[in-house]
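Undergrad: Position 794 of the sequence shown, counting from 1, maps to 794 under UniProt numbering, and the rest follow consecutively. Note that beta-carbon positions come from the ideal geometry of N, C-alpha and C, so glycine has one too.
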Amino acid sequence: MMLFTVVGGHGSLEMRTVERMFTSIILFLLLVIGKAEIYIVMVEGEPITSYRGGVSVIWLHHTLVTLNSSMILFLKRYSIKELTRNSTVTSILSMADTLRRAPGVKSVDKDWKVRKLTTHTPQFLGLPTGVWPTGGGFDRAGEDIVIGFVDSGIFPHHPSFANHNSEPYGPLPKYRGKCEVDSDTKRSFCNGKIVGAQHFAEAAIAAGAFNPSVDFASPMDGDGHGSHTAAIAAGNNGIPVRVHGYEFGKASGMAPRARIAVYKALYRLFGGFVADVVAAIEQAVHDGVDILNLSVGPNSPPATTRTTFLNPFDATLLSAVKAGVFVAQAAGNGGPFTKSLVSYTATSLNQKYTLVAANDVVLDSSVMKFSPTDCQRPEVLNKNMVKGNILLCGYSFNFVIGMASVKKVAETARSLGAIGFVLAVEYVSAGTKFDPVPTGMPGILITDVSKSKELIDYYKASTSRDWTGRVKSFKATGIIGEGLEPILHKSAPIVALFSARGPNIKDYSFRDADLLKPDILAPGALIWASWSPNGTDEVNYLGENFAMISGTSMAAPHISGIAALIKQKHPRWSPAAIKSALMTTSNTLDRAEKPILAEQYSGSETLMFVPATPFDYGSGHVNPRAALDPGLIFDAGATFPCRLHTYIFKSLFSYNSGNCTSYEDYLGFLCTTPGINYHELLNFTHRPCNYTIGHPYNLNSPSITVSHLVRTQTISRTVTNVNEEETYTITARMAPAIAIETSPPAMTLRPGASHRFTVTLTVQSLTGTYSFGEVLLKGSRRHKVRIPVVAMGYDR
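(1) Helix, strand or coil for C375, going by three-state DSSP, please let me know.
(2) Suppose you measure from the CA of N350 to the CA of I479; what does that come to, to the nearest Å?
(3) From the DSSP output, which residues share a beta bridge with R756?
(4) Which same chain residues, not among the five before or five after residue 797, have their C-beta less than 7 angstroms away from its C-beta?
(5) Using DSSP bridges, identify the partner residues of Y353.
(6) Between V759, V775 and Y691, which lies nearest to T731 when the distance is taken from Cα to Cα?
(7) Quick check: the Cα distance between S94 and V243, rounded to an integer number of angstroms?
(8) Starting from P575, follow the alpha helix (DSSP H) in both directions and report where the run begins and ends.
(9) What does the alpha-carbon distance come out to for the pair G779 and I578?
(10) Pull up the distance between the alpha-carbon of P312 and that of D223, whole angstroms please.
(11) What is the rounded straight-line gap between the Cα of L423 and the Cα of A547?
(12) Provide the residue span of the beta strand (DSSP E) that contains I568, from first to last.
(13) Let me know the secondary structure DSSP gives Q764 once reduced to three states.
(14) Taking just the CA atoms, how far does L317 sit from K174?
(15) Roughly how many angstroms separate the alpha carbons of V409 and A529, rounded to a whole number?
(16) Express the C-alpha separation of D290 and K567 in angstroms, rounding to a whole number.
(17) Smallest Cα separation from A320: which of S295, A284 and L310?
(18) Name, in chain order, the residues that DSSP records as bridge partners for D151.
(19) Can you have a look at N683 and say buried or exposed, based on whether 16 or more other CB atoms are within 10 angstroms of its CB?
(20) Count the other CB atoms, across all protein chains shown, that sit within 10 Å of the CB of G142; report buried if there are 16 or more and exposed otherwise.
(21) For the beta strand (DSSP E) containing Y617, name the first residue and the last one.
(22) What separation, rounded to the nearest whole angstrom, lies between the Cα atoms of residue 846 and G196?
(23) Measure the C-alpha to C-alpha separation of A461 and G417 and round it to an integer number of angstroms.
(24) Of the choices F634, P736 and V706, whose alpha-carbon is the least far from that of L777?
(25) For V775, list the residues DSSP reports as bridge partners.
(26) By how many angstroms is the C-alpha of R414 removed from the C-alpha of A203?
(27) Can you tell me whether DSSP reads T748 as helix, strand or coil?
(28) Thinking I147 and N236 are a contact (beta carbons under 8 angstroms), I'd like their distance in whole angstroms, please.
(29) Just to confirm, are P219 and Q198 a CB contact at a threshold of 9 angstroms?
(30) With DSSP collapsed to three states, give me the class of I157.
(31) Would a C-beta distance cut-off of 9 angstroms place L355 and T477 closer than the cut-off?
(32) Y691 by DSSP, collapsed to three states: which one?
(33) Which residues bound the alpha helix (DSSP H) around I456?
(34) In this structure, how does DSSP classify P696 when only helix, strand and coil are distinguished?
(35) Provide the residue span of the alpha helix (DSSP H) that contains H225, from first to last.
(36) For G394, which residues in the same chain have their Cβ closer than 7 angstroms to its Cβ, ignoring the five residues on either side in sequence?
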């Protein structure tokens with residue numbers, strides 16, 4: 001989608017009159033040959049967020065409703081009227097086609113599943129010295145900003161979410177959310193730091209996927225993912241990280257004083273359903289969250305979707321933006337995946353030790369039900385043969401399915417008296433990623449299959465055996481080298497292999513869209529943050545309060561927390577303005593002032609580091625300090641005048657951006673996208689396509705993408721000054737295949753003033769590949785505003 005990469009029943013006559021003004025979504029259960037399926041239904045109307053009438057339309061339905069009563073019966077589970085209007089999970093004893101033909105029904109889509117997209121980052125991002133002081137210090141960073149998390153819930157007893165007595169939180173009247181009560185302790189999940197806690201599982205229950213014994217019918221985090229993302233964005237500052245008995249520094253959220261609102265819609269074993277996620281998003285927006293974090297994404301688009309930009313999930317996110325909520329959504333972990341040598345904690349011994357393979361020290365192989373090579377059961381290995389040596393283990397399929405863990409390997413080696421361990425990966429499927437795990441003893445995981453084979457061949461050649469195959473003597477040796485300490489490398493940041501890449505596609509013919517994705521790069525690899533002791537997905541952190549994991553799920557809350565800091569400083573800025581500030585101030589150079597690199601595989605499956613492009617990092621790596629003072633912003637509302645508001649400058653630098661303008665612009669983008677179904681768009685947004693923006697690349701976004709450039713094309717952008725009067729010079733550069741020119745060469749903007757400039761792209765040669773470049777606006781007061789440019793030339 002274009003966001004930052006995130007039924008009315010019978011009542012009184014007065015209620016029915018109001019209700020006809022809104023769009024509604026129904027979520028219902030369809031029984032087909034004994035199989036439960038969830039469908040999302042949209043009926044006529046308009047979202048509450050756009051309603052300006054005086055009648056309250058937030059109410060619960062408790063009655064049975066009949067539509068064509070001889071065929072369809074609805075049982076309302078819950079009803080939340082917001083955004084795309086209304087989400088209701090119901091039971092239905094009929095076929096979906098029957099409902100599609102019912103009066104007032106606009107669309108019927110089968111529900112589909114979603115999945116999770118899974119610390120020194122505050123220091124790495126410069127928050128303690130360059131950002132938090134501007135807002136009064138870490139103990140004020142994010143004050144009164146509410147970040148909503150649609151995730152797996154929260155472990156409320158974690159110190160990252162405590163309400164400290166020294167600085168207690170006060171009331172927050174603007175937030176209208178509620179707090180569920182823990183059925184076991186009878187205590188509220190909220191404490192001042194956590195201001196809202198609800199769970200959504202109607203679709204999961206209807207589909208038969210919900211298991212209350214492990215999924216918790218409450219906001220309690222049964223997985224760990226939700227607690228992890230909440231702590232990254234808004235966890236308390238200075239919380240000691242202690243895992244496996246070792247200290248790993250102190251953790252802090254990006255906005256440690258921000259409030260947390262929990263909307264649990266993901267669960268341990270099955271992920272979640274779009275129906276529950278949509279209901280959670282709607283409730284979060286109705287409750288008044290400022291920022292919405294979505295470290296979640298659909299497994300795939302719904303079967304009936306014609307375009308990647310238009311489906312119930314994305315329509316809900318678009319309506320959230322209309323309501324003024326900044327949405328940060330993880331881009332996904334489908335990107336190309338790491339094969340590397342991952343080292344664990346080691347001591348500084350530098351001595352040689354004998355290598356002993358687990359399958360050569362089995363006590364009695366006749367009683368073994370499983371292979372002993374994965375070193376998960378110390379009782380089947382000969383302690384006398386292992387003691388004082390390095391234990392050589394094999395990475396089996398059990399590690400992939402979660403029955404084996406690196407943590408258990410270390411425990412086995414320690415219990416047998418080994419001096420260290422080696423875990424060799426002999427077979428690996430594409431996409432497998434390996435993260436370091438703190439073990440408390442020397443160990444190494446060799447994830448490169450060819451390197452593992454070299455080690456095993458060396459071991460076999462060095463090991464003497466008798467005619468039966470029994471080992472006579474172990475002669476292979478290994479050295480335990482210097483211990484490894486976490487440091488901030490000058491080459492950081494690097495685009496992680498798992499991170500999803502561009503180009504963005506506009507339909508399922510895989511034609512490219514004229515909109516750059518991803519938007520921005522943020523830390524997401526090996527992130528320490530809070531964990532739920534209930535979680536079982538990360539077997540290396542069972543029962544722990546912290547975990548170090550990787551994924552774009554971890555990158556999204558970094559952006560959510562930083563967005564909260566921007567919202568705190570600029571409370572009137574629209575979601576588009578916040579997005580612009582983040583993107584235009586981002587970095588394309590690493591800490592050594594060299595181009596950011598990206599991990600990817602070569603044809604021989606060897607991991608390589610190559611110069612990254614906007615398809616890898618969007619506009620670049622987030623720069624929080626610069627984002628607080630961007631100089632200029634590209635507000636989506638600059639394309640069309642706002643119907644409900646105007647730009648108001650109440651003081652010298654106070655910029656009030658009407659959210660309706662962003663929404664109108666996004667609708668214009670959708671109406672202009674080739675192949676869009678106008679009737680479908682009307683169903684989702686309740687807005688006809690009365691206007692377009694000429695071409696999708698005319699959306700006033702802080703990037704320019706022309707996927708099909710023929711001869712010459714001129715694109716315009718409008719910027720608004722959010723600082724003092726300043727003169728900007730405009731320059732541009734592009735790969736040789738595409739010529740680039742900008743006009744005017746310079747412009748001076750008063751505080752609050754807007755100015756339009758153009759970028760002209762001309763095909764110089766046909767290469768069959770994308771060309772990358774940038775436009776730089778350099779201000780006289782040292783502001784630097786940069787937008788990426790992406791284009792591919794064609795002859796027709």
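TA: Here's the rundown:
(1) Under the three-state reduction of DSSP output, C375 falls in the coil class, being neither helix nor strand.
(2) Low confidence applies to N350: its pLDDT is 42, below 50, so where it sits in the model is not reliable, and the reading given next is rough at best. Roughly 6 angstroms separates the two Cα atoms.
(3) Within the DSSP secondary-structure output, R756 pairs in a beta bridge with T718.
(4) Outside the shown range of the chain, which is 1 to 796, sits residue 797, and nothing can be said about it.
(5) In DSSP, Y353 forms a bridge with G478.
(6) Ranking V759, V775 and Y691 by CA distance to the CA of T731 puts V775 first.
(7) Reliability fails at S94, whose pLDDT of 46 lies under 50, so the model's placement of it is uncertain and the value that follows must be treated cautiously. Rounded to whole angstroms, S94 to V243 spans 53 angstroms at the Cα level.
(8) Residues P575 to T584.
(9) Annotation: G779 to I578 spans about 20 angstroms, alpha carbon to alpha carbon.
(10) P312 and D223 have their alpha carbons spaced roughly 26 angstroms apart.
(11) Between L423 and A547, the C-alpha separation is close to 21 angstroms.
(12) The question names Ile, yet the displayed sequence has Gln at residue 568. Premise fails: Q568 lies in the alpha helix (DSSP H), T552 to K569, not in any beta strand (DSSP E).
(13) When secondary structure is reduced to three states using DSSP, Q764 falls in the coil class, being assigned neither helix nor strand.
(14) Each residue's Cα considered, the two are about 21 angstroms apart.
(15) Going by the C-alpha atoms only, they are around 23 angstroms apart.
(16) Straight-line Cα distance between these residues: approximately 8 angstroms.
(17) The residue with the shortest Cα to Cα distance from A320 is A284.
(18) K264.
(19) Classification of N683: buried, given that the 10 Å Cβ count is 16 or more.
(20) G142 comes out buried.
(21) No beta strand (DSSP E) holds Y617; the alpha helix (DSSP H) holding it covers P614 to Y617.
(22) The structure shown does not extend to residue 846, since the chain is modelled only from 1 to 796, so the question has no answer here.
(23) So the two alpha carbons sit approximately 25 angstroms from each other.
(24) Out of F634, P736 and V706, F634 has the C-alpha closest to the C-alpha of L777.
(25) In the DSSP assignment, the residues bridged to V775 are A732 and I787.
(26) Rounded to whole angstroms, A203 to R414 spans 46 angstroms at the Cα level.
(27) In the three-state reduction of the DSSP assignment, T748 falls in the strand class, which pools E and B.
(28) Between I147 and N236 the beta-carbon gap is near 14 angstroms, outside 8 angstroms, which marks them as no contact.
(29) Against a cut-off of 9 angstroms, the Cβ pair of Q198 and P219 comes out as a contact.
(30) Position check: residue 157 holds His in this sequence, whereas Ile was assumed. Coil, per DSSP.
(31) Result yes, Cβ atoms of L355 and T477 sit closer than 9 angstroms.
(32) Residue state, collapsed to three classes: coil.
(33) Run containing I456: V449 to S462, per the alpha helix (DSSP H) assignment.
(34) Shown here, P696 sits in a helix according to DSSP, grouped into three states.
(35) Residues H225 to A234.
(36) Around G394: T373, D374, A424 and E426.
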